[in-house]
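Chains as they are written, first to last, in my numbering: chain A, 1 to 278; chain B, 1001 to 1939.
The beta-carbon is built from N, C-alpha and C at its ideal position, and this holds for glycine as well.
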Amino acid sequence: MGEALAQLSEHAPQGNPLAGGTNLVVEMRVGRHQGKSMVDLGRLKELRGIQAQNGHIVIGGGTTVSELLKHPLIADHAVPLCQSAAVFANPLIRNRATVAGNLVDASPAADLAPPLLALGAEVELVSREHTRWVSLDEFMVGVRKTLIQPDELMRSIRWSKPPKRSAGAFYKVGLRKADAISVLSAAVMVACDTSGRCKLARIALGALAPRPLRAYEAEDVLQGQPLQAEGIAEAARLAAEAARPISDIRGTAEYRKRVTEVIVRRLLVQASEALEHP
Amino acid sequence: MVSLKVSVNGQDVHVEVRESEYLAEVLRYRLGLTGTKIGCNEAECGVCTVLVNGTPVDSCVYPALKAQGAQVLTIEGLAPDWRAEAKRRKLEGASAVDLHPLQDAFARGGAPQCGFCIPGVIMTAKALIDQKPDPSEQDIKVALKDTYCRCAGYSFITNAIQTAAQSVRTGRPVPPEPFALPGTKTPLNVIGRPLPRPDVVAKVTGEAKYADDYHFPSMLHARTLRAGHAHARIKRIDTRAAKALPGVRAVLTAADVPGEPNHGLVYADWPALCGDKVRYLGDAVAIIAADTREIASQALGLIEVDYEPLPLVTNPVQARQPDAPHVHEAGNLLKHIKVRKGDVDQGFAEADVVLEREFRTPFTEHAFLEPECAIGIPEPNGRLTVYVGSQIPYQDRAQIAACLGEPEANIRVIGTLIGGGFGGKEDIAGQIHVALLARATGQPVKMLYDRHESLTFHPKRHATIIRIKLGAKRDGTLTAVQTELYGDTGAYASLGDKVMTRATTHSAGPYNVPNVKADCYAMYTNNPPAGAFRGFGVTQSAFAVESMMDWLAETLGVDPLTLRRQNALRVGTVTNTGQLLRESVGLVECLDRVGAHLQSLTCEPWRGVVSGSRVRAWGMAAGYKNTGLGGGAPDKSAAEVELFVDGTAEVRTSAAEIGQGLVGVVAMCTAEELGLPYQHVKVLLSDTDLTPDAGPTTASRQTYVTGNAARLAARALREALATTLAEKYDQPPEMIRFEEGLARVNGHEVPLGEAARLMKREGREPKALYTYWAPQTQPLGTGGDMHFAFSYAAQAAEVEVDLETGQAHVLQLVAAHDIGRAINPLALEGQIEGGMIMGLGNALTEEYIIDDGQIFTDYLARYKMPSIKHAPKVTSIIVEDETAEGPYGAKGVGEIASIPTTPAITNAIYNACGVRVMRLPVDQDKLLLALKRGDKEVY
Ligand SMILES: Cc1cc2nc3c(=O)[nH]c(=O)nc-3n(C[C@H](O)[C@H](O)[C@H](O)COP(=O)(O)OP(=O)(O)OC[C@H]3O[C@@H](n4cnc5c(N)ncnc54)[C@H](O)[C@@H]3O)c2cc1C
Ligand code: FES
Ligand code: FES
């Protein structure tokens, strides 16, 4: 790892960490990234592993999507992430694609971002000189823009174990002509107190703005309320309002907004049902 | 160069590779393991899948050096791997098995069609059953989600994987006929039996050779400089820098074409190399041959071309405006096609109901998984050989010879296996270019397109605009149909004239309509050319007319199936072009069989069933499609059958095997007529030196014409044998029976090999060549028999629409096809399912997007075709209304299956949610908007 960081700072800004390569190599094959030097992270142990530590789940940046799918800690403490991993690309890509690669690539449609946002994740960035933690929400700046510096690596990602009486869900809308990329995706996490009132709500949206984002206003209306049809409908409406989609070949902005409302509503209903029948 | 040490199929290998090389390239080009295919180089198609340390990877994007020290397993290593496992497990006969159970089950179960995807699919499946020894259908769908089979034999693949998994678990061999097929007539000795195609073993072991799998000593690699402008004048081309690059052996431009500057299947309007102007983005401007592909690619960037952009023509309606820029000097109209029958004005006057609407269909892409490849080889005797996966070898030869300015006899075209064609490999791709470069350099030259180039360059399915007006009496009788079609044939004619003619003649549907008027304008534009694509124009017009038939049924308040049945073509009716149908019209039976099946499932199929925000409903459509070229074109095919003294036979014909199973058809016809076991017949296809001309592999014609040629050649040979035997054994020839590889004559059993020897002794060769001429057809407009046969179909689709998201899914398909006679039910079923899944893609996902001459769909990732996930349950019903002239009664199958599927699906969508689809593919986005607005139609 030390060597990788040294190479990065030496080649900066022309160095390019190479993880699973499912973005990078495919882009190279169609002629991009010429003149850059690749720093292969493939075998770095420091970037692997899924653990529970001090109330957190911590995963290495080099964790593959397949590993997410197989690990009981993810199944138990990150339901939306697990659901997202299950519909991610295809089994071949899942074996190679890494979490850090997905987040650093910073596509507005990156499928792991909404579930990690809904989990309230933070990312760890390290360089030869420093280590810093930033919340994922801050980390993502815009289309293919993040806070990462050319000499930094994303070593790990962590989130607090969701409390008891919590539930989450993820869904993406695809099946479009023209492209395999999500038209939109959404993830929710909710937790209730013993009286059934919502004490935590996070709603995250993908492919609906230049970067995946949280629908804070929608989350607010759920706070302190029992999770019931009316509140859920209102939250879904506000989530759709938070979306700032564009129209492109994959879908019109209007469609994306409308369906955001439908999907967020369905996910919240699904989560509230999971709470009732754990 | 870096050294790479890996174990490949259990053998330690040590090779020097460049850092930028990928595993697929190392396997194929350095180690000669060409069983692993390359279809896209973008991790999209899965044909390059191999196992690295047991994990399946897309080897096209797997840097070779990542495999340092790893264990790699490819299709070539699968059988040895199984033998080792079988030995470990002490299975009986372990050392004798030639195939892994997956390979065996794929072969027996008829999963391979063109075969190009099969190595990747099998390797993905191997990884799956290593993990899950008893995979469910769902497990298979998940594992194979993005491992495409464009021939779409998905249910065969699923069955084969489950059968193989069982065999691996239990150690028992794969059963000979792994699963049930729809009922067909009682088979003859060979005809009518579900036999594996002769090339099937090669296709499951990776031995099957496609063009890029050939390698010749001192072979150069070629690339093409594409225009990158949709319409522009070429002011200057400077190739000096490219020529000066070390390793470049030739750079050719239009000035270097010695013979005819243009090629074209019907009209020679397509420059081999553009000299004065370019008409679409993919036009070829220069070609390069170099020592390596990398050098050739680098040299492309060194050619300087100055263009003066010209105004664009981007759609066929604009193209017809008087002030539109001209794509070709003679104007933009390729052809105005007319169909006239009766008097439509009177027909509409008699109608109680008149409906009129406009439909649109997009360009679509064949997306055959094997990109185009050709190799040109100068021969020591001065001739030139071209290897290419072509649908029309003899016409390739003629076109190559014309451009070279050489006699045809100088050229030999050898057809390799084809990794999917679907009509997209009829036009010239690289075959002329490699011939020019081979002549220029004196060395073998290979031209392989990458996926990007393939998508940009080759002809598509025509985008159309179809206006249709339909009149009927209150009782449902059709009185008149009038259509106006615009077809976008792009920059060059290709088969545009023929395709749009078929669209036009079929535009009033398979119905008995007294008054018909159809006008079609096939227009040149600056879009990529449009040409042949499975369905050949009928796909487009069937969508329009079948949507209208459902609308008419609703307007009249009658059942859509009953309405179709009432108006259906049957014996004694006259088609829209004035052809009296005298036999073999199975449409009514198709409708009845589908109707009966639906009734067994539900009593009100057309009514939506709501559950939550989702609604399900059925929809249906009918269709017909000609067999053969028709329209007065002479339609003939030749085959030669030879019997050897060892008792085997060979049948030779230039017809192409594009996955449809023609190899099996000709072998079966030969075996049937000679009374030989099927396994004793070898087939040699597509070689202009060795096989007689069978004409183009198009228009669903080969089973009919070449099946007949093979049948009649074999019969002629049998008669010759009979004459010889009759004399020797003193029995009249008609008393001699040929069966089980023997001639039974006067109490003797003479093995056929012996009979061949007898013929030779008499100084006669035991072979026969037969040129079969299909019945004469008449040109459009003369009112005679425009076609010698039609196949018919009725299909129904059950669809689920999510009213809140606009998403539509096909749950199941029920289909009845009248194909005359099922020669091989296994191959037939593959064609039927594959065709229907293509129709599903056409309805829901496929669109080749061009915006203002710019191509959006220039990567495979941007073209969504149905994967195993989309593949619904299919119930297939075979109707065998024999046609007298067809081989054993058979008609064409290749195209009909894909025709009614699209409108059956869109009609089901209407029945589910009340919105009519006026434009393909169904856009979930627009569908939702229409639902919210309460619109009845979505454009
Ligand atoms: C066929 C196909 C299907 C796909 N489907 C999906 C899908 O369904 N959903 C989806 O979201 N994405 C999809 N993708 C995109 C891609 O697979 C994912 O974004 C994947 O997570 C990228 O991970 P990787 O390890 O392959 O990244 P790489 O390609 O190796 O790297 C991507 C970027 O991240 C940087 N990087 C990687 N690791 C680190 C690190 N530890 N620290 C700092 N920088 C790093 C690289 O420098 C590069 O800029 C698909 C791609 C393909 C080819
Ligand atoms: S996925 Fe590798 S060739 Fe298509
Ligand atoms: S057999 Fe699968 S692509 Fe042809």
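Q: Kindly indicate which three-state DSSP category B:C1913 falls into: helix, strand or coil?
A: helix
Q) Once you ignore the five residues that flank B:E1356 on each side, which residues in its own chain have a CB closer than 8 Å to its CB? A) R1467, I1468, K1469 and L1470
Q | Where A:R230 meets chain B, residues with beta-carbon distance less than 8 Å | A | First, the amino acid is wrong: residue 230 of chain A is Glu here, not Arg. Near A:E230 there are no residues of chain B at all, since even the closest Cβ is about 18 Å away, more than 8 Å.
Q. Listed from N- to C-terminal order along the chain, which residues in the segment 89-111 of chain A have their beta-carbon within a distance smaller than 8 Å of any beta-carbon of chain B?
A. A89, N90, P91, L92, I93, N95 and R96
Q) beta strand (DSSP E) containing A:S247: first to last residue? A) Looking at the DSSP string, A:S247 is not in any beta strand (DSSP E), and its letter there is neither H nor E.
Q: Specify which residues have a beta carbon nearer than 6 Å to any heavy atom of ligand 2, listing them in chain order.
A: B:I1038, B:G1039, B:C1040, B:N1041, B:A1043, B:E1044, B:C1045, B:G1046, B:V1047, B:C1048, B:D1058 and B:C1060
Q. Taking 7 Å as the cut-off, does the CB of A:R96 come closer than this to any heavy atom belonging to ligand 1?
A. yes
**Q.** Straight-line Cα distance separating B:L1102 from B:L1091
**A.** 16 Å
Q.
If contact is defined by three or more beta carbon pairs under 8 Å, each pair taking one atom from either stretch, is the segment 1780-1795 of chain B in contact with the segment 1152-1171 of chain B?
A. no
Q.
Can you find the residues in the same chain that come closer than 6 Å, C-beta to C-beta, to B:C1149, ignoring five residues on each side of it along the sequence?
A. C1117
Q. Does any CB atom of chain B fall closer than 8 Å to the CB of A:T64?
A. no
Q: List the residues of chain A whose Cβ lies closer than 7 Å to the Cβ of B:K1066, in chain order.
A: G42
Q) Quick one: does the C-beta of B:G1659 sit closer than 7 Å to a heavy atom of ligand 3? A) yes
Q | Same chain only: Cβ atoms within 7 Å of B:F1156, ignoring 5 sequence neighbours per side | A | G1109, G1110, A1111 and G1830
(Q) Could you give the first and the last residue of the continuous alpha helix (DSSP H) run that contains B:Q1399? (A) P1393 to L1404
Q | Opening and closing residue of the alpha helix (DSSP H) in which B:N1515 lies | A | No alpha helix (DSSP H) contains B:N1515, which is instead part of the beta strand (DSSP E) from N1515 to Y1524.
Q) Looking at A:I93 and ligand 1, is the gap between the Cβ and the nearest heavy atom below 7 Å? A) yes
Q) When you compare only the Cα positions, how much space is there between B:A1568 and B:L1813? A) 21 Å
Q. What residues in the segment 238-256 of chain A have a beta carbon less than 8 Å from any beta carbon of chain B?
A. I249, G251, T252, E254 and Y255
(Q) For a quick check, are the C-beta atoms of B:C1048 and B:G1120 less than 8 Å apart? (A) yes
**Q.** Counted within 10 angstroms of its Cβ, other Cβ atoms place B:W1773 as buried (16 or more) or exposed
**A.** exposed
Q. Under three-state DSSP, which class holds B:W1551?
A. helix
Q.
Taking 8 Å as the threshold (beta carbon to beta carbon), is A:T22 in contact with chain B?
A. yes
Q: Count the other CB atoms, across all protein chains shown, that sit within 10 Å of the CB of B:G1659; report buried if there are 16 or more and exposed otherwise.
A: buried
Q: Give, in chain order, every residue of the segment 1132-1156 of chain B whose Cβ lies closer than 9 Å to some Cβ of chain A.
A: V1142, A1143, L1144, K1145, D1146 and T1147
Q: Compare the C-beta of A:V79 with all C-beta atoms of chain B and state if any pair is closer than 8 Å.
A: no
Q: For B:H1748, name the three-state secondary structure that DSSP assigns.
A: strand
Q. Where does B:A1440 fall in DSSP's three states?
A. helix
Q | Contact between the segment 1191-1198 of chain B and the segment 1008-1015 of chain B (3+ Cβ pairs under 8 Å) | A | no
Q.
I want to verify the contact list: residues of chain A whose CB lies under 9 Å from the CB of B:Y1859, in sequence order.
A. V30
Q) Name the chain A residues that come within less than 7 Å of B:V1061, Cβ to Cβ? A) G21, V25, V26 and R29
Q. Should B:T1489 be labelled buried (16 or more other beta-carbon atoms within 10 Å of its own) or exposed?
A. buried
Q | B:Y1848, DSSP secondary structure in three states | A | coil
Q. Which residue's Cα is closest to the Cα of B:I1878: B:A1816, B:A1491, B:T1902 and B:M1838?
A. B:A1816
Q: Determine the burial state of B:M1001: buried for a count of at least 16 other Cβ atoms within 10 Å of its Cβ, exposed for fewer.
A: exposed
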